[in-house]
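Presented below is the structure to which this report refers.
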Amino acid sequence: YRNDFEVEVEGNVYALDSTTIDLCLSVFWWAEFRKHKGAIKLHTLYDVKTSIPSFLYITNAKVHDVNILDIIPYEADSFYVVDKGYIDFLRLYKVNTQGSFFVTRAKENMRFKRMYSRKVDKTTGVLSDQIGKLETYKSKKEYPDKLRLIKFYDQEHNKNFVFITNNT
């Protein structure tokens, strides 16, 4: 068990991602991915604090990553860190209603209406910390609650990031 986790949080912290594993289609005929290519996808829920995978799921490589959100065993008060490929506001709202938290990068075309801003210390790289709601009809219907939008500047890579979370 590692005690050098840098962020103080009460619950567990999980990172969810997948990797595609190429297979020889002539041997693994059941794993057809493209016309002349075979593959499976390994979806992994990784416990960041312990550095141990806590959930593994194998699918056909054609299965989109976001579908795995339907079968993850969520824990209340735990955090699930995902990339933009997992943004589906109906599914993320399900995570929210189960008492769990998600953190992901916002898509560039996401429409967000700020309700109010929280104070930030810009020396930490945090440029803004806002509470608001989604603006487009479909998104706000699928996720009617408030979200938190955090803009962060990574000085080392000279890059801006925009994160969204339900941990308000």
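With my numbering applied, the sequence shown corresponds to residues 917 to 1084, in that order. Glycine included, each C-beta is placed from N, C-alpha and C at the ideal position. Just so it is clear, the structure is predicted and the values come from calculations on it, not from any experiment.
- For valine 1011, the enclosing alpha helix (DSSP H) covers residues 1005-1013.
- Around the beta carbon of glycine 1015, a 10 Å sphere encloses fewer than 16 other beta carbons of the protein chains shown; the residue is thus reported as exposed.
- Tyrosine 1009 sits close to tyrosine 1059, with the two beta carbons spaced by under 8 Å.
- For phenylalanine 949, same chain residues with a beta-carbon under 7 Å away, outside a window of 5 residues either side, are Ala955, Ala977, Lys978 in chain order.
- Aspartate 981 and asparagine 1012 do not touch by the CB rule: their CB atoms are close to 19 Å apart, not below 8 Å.
- Residue environment: alanine 947 is assigned as buried (16 or more neighbouring CB atoms within 10 Å of its CB, all protein chains considered).
- The secondary-structure analysis by DSSP pairs serine 1033 across a beta bridge with Gln1046.
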